[in-house]
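Peer 1: Counting from 13, one number per residue, gives the positions in the sequence shown under the working numbering. Glycine included, C-beta positions come from ideal geometry on N, C-alpha and C.
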Amino acid sequence: MFMAIPFPHFRILFVFILVFFIGPASGAINDISPGGTVFIGEQGLDITHAMAGDSQIGWWASAASIAESSPSQIISISSLTSFSITPSAFASYTGSWLHLDPAGKANGTAFNVVDPNLEIRVEDTTVGVDVTDKWVSTDDEIRFRIDTNLVPIAQRSGVTSVPITIKVQDPSGSTYSSLVNSAGTATSLVDYPITTTPQYTAAIWDTGQRSIYSPGTYVIWAECNVNSMKDNYNNAGKTVSQKVTVQNQDHNPLITGNYPQTTATQGITPVMTTITTPLPVSPTPAVVKTPTITSTTIAPVVQTETQVPTPVAPTPSPTHSPGFEGIFAGVALMVAILAWCRKD
């Protein structure tokens, strides 16, 4: 007969079984297989399988003969189940580390140390352009592009993706833990699963949600803290991406910046018109003065004589003769009139 188990005890037993079977799988992200990739900053790694019973690891320079030389660096392992890839010990010695037999000889590859890198970019899916450190029109939708060399973490036993958290800080300094798209669906930004590189999120951010996302400049970055790597190696571009920005507003800031120039140009226009208006008046006095100059008939005569290089006798004769003949005729006429008057 089966012994009856009280319900409270059964519930405790069920939780124990669940933890026993699921617990190791959930912690497998720190389990390193032989020749697996580890990253500077990771701690608490279980390298038991990678060490194959040895307790030391060694590093050789790339040009060194492993079989005929001693390692350039040797590290003794004090705990196989809680090993750390510290920046001080490994930053200058990336690449393959081999576990050593008791004689100090290479006995197989333990793991491969890699310096992490992480980058994030912003893309406007409404118009299909990269808007990293640029402007995005309010009402457009946004997705993120993540480039990283951390993908090998997803290849560890029991692991399917690399958890990377995306940070979006609004103009007031508040940071979002999720973003809402045009359908009103919220997507968590915490431990976003990365399986390839580059990896694109869906269009998870609708800037048109004006009640949530006010206009202004947003600061965006990504970070990975798998096995406390960010806590131990908090370097921009490594476990934390460089921060980028996106300006969310209705109008292109470049066009908005030109508005004052356009207003100033229009203000100058009436001034130019005012200056131009009197210009037709200034020729008027010149026209009035022209008849005065023309009435002086001597001027053209003098110019004509001056311009003639060789004096020509016939030219002055007709010019002067009619003048004197007119005078003589006038005088004769006046004398005749006076004589006639006296006669009468």
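1. Give me whichever residues DSSP pairs with residue 175 in a beta bridge.
2. Sort 55, 60, 233, 76 by Cα distance to residue 160 and report the nearest one.
3. For residue 58, which of 44, 65, 71, 70 has the nearest alpha-carbon?
4. Output yes or no for whether 8 Å exceeds the beta carbon distance between residue 151 and residue 197.
5. Applying the criterion that 16 or more other CB atoms from any shown protein chain within 10 Å of the CB defines a buried residue, is residue 246 buried or exposed?
6. Tell me whether the beta-carbon of residue 215 lies closer than 8 Å to the beta-carbon of residue 193.
7. If I measure Cβ to Cβ from residue 208 and keep anything under 7 Å in the same chain, skipping five residues before and after, which residues do I get?
8. Using only the alpha-carbon positions, how far apart do residue 149 and residue 211 sit?
9. Could you tell me the alpha carbon to alpha carbon distance between residue 213 and residue 145, rounded to whole angstroms?
10. Along the alpha helix (DSSP H) that carries residue 103, what are the first and last residues, could you check?
11. Can you check the segment 126 to 184 for any beta strand (DSSP E) of at least 3 residues that lies completely inside it and give the ranges in chain order?
12. Count the other CB atoms within 10 Å of the CB of residue 117; is the residue buried (16 or more) or exposed (fewer)?
13. Using the Cβ count rule (16 or more neighbours within 10 Å means buried), how would you classify residue 265?
14. How would you write the range of the alpha helix (DSSP H) that residue 93 sits in, first residue to last?
15. Under the three-state reduction of DSSP, which class applies to residue 61: helix, strand or coil?
16. What did DSSP end up calling residue 193 once you bin it into helix, strand or coil?
17. Which one or two residues does DSSP pair with residue 48 in a beta bridge?
18. Could you give the distance in angstroms between the alpha-carbon of residue 79 and the alpha-carbon of residue 133?
19. Consider the Cβ of residue 159: report whether some Cβ of chain C lies at a distance smaller than 8 Å.
20. Among 262, 230, 263, 240, which one has its Cα closest to the Cα of residue 255?
21. Look at the Cβ atom of residue 128, then the Cβ atom of residue 53, and state whether they are nearer than 8 Å.
22. Whole angstroms is fine: what's the gap from residue 108's alpha carbon to residue 262's?
23. Within this structure, are the beta carbons of residue 97 and residue 156 separated by less than 8 Å?
24. Of all the options 250, 188, 115, 177, which has the alpha carbon lying nearest to the alpha carbon of residue 206?
25. Are the Cβ atoms of residue 121 and residue 70 separated by less than 8 Å?
26. Taking only the alpha-carbon atoms, compute the straight-line gap between residue 105 and residue 85 and give it to the nearest angstrom.
27. Leaving out five residues on either side along the sequence, give the residues of the same chain with a beta carbon under 7 Å from the beta carbon of residue 83.
28. Could you tell me which residues DSSP pairs with residue 251 in its beta bridges?
29. Who are the Cβ neighbours of residue 165 in its own chain at under 8 Å, not counting the five residues just before and after it?
30. By the 10 Å Cβ neighbour count, where 16 or more other Cβ atoms means buried, how is residue 168 classified, buried or exposed?
31. What's the C-alpha gap between residue 138 and residue 187?
32. So for residue 346, helix, strand or coil by DSSP?
Peer 2: On the basis of the supplied data:
1. 205
2. 233
3. 44
4. No, they are not a contact pair.
5. Classification for residue 246: exposed.
6. yes
7. Cβ neighbours of residue 208 beyond the five flanking positions: 163.
8. 24 Å
9. 18 Å
10. That residue, residue 103, is in no alpha helix (DSSP H); it is neither H nor E in DSSP.
11. 130 to 136, 146 to 149, 153 to 160, 174 to 181
12. With fewer than 16 other Cβ atoms within 10 Å, it is exposed.
13. exposed
14. Run containing residue 93: none; DSSP gives neither H nor E here.
15. helix
16. coil
17. For residue 48, which the question treats as bridged, DSSP gives the partners 123.
18. Here the C-alpha atom of residue 79 lies approximately 45 Å from the C-alpha atom of residue 133.
19. This model lacks chain C altogether; it includes just one protein chain.
20. 230
21. yes
22. Pairing residue 108 with residue 262, the inter-Cα distance amounts to about 52 Å.
23. Taking 8 Å as the cut-off, the Cβ atoms of residue 97 and residue 156 do not count as close.
24. Ranking 250, 188, 115, 177 by Cα distance to residue 206 puts 177 first.
25. no
26. 8 Å
27. For residue 83, where only same-chain residues beyond five positions count, the Cβ hits under 7 Å are 70, 71, 72.
28. Beta-bridge pairing links residue 251 to no other residue.
29. Correct list, in chain order: 41, 49, 51, 171, 174, 238.
30. So residue 168 ends up on the buried side.
31. 24 Å
32. DSSP places residue 346 in helix when its eight states are reduced to three.
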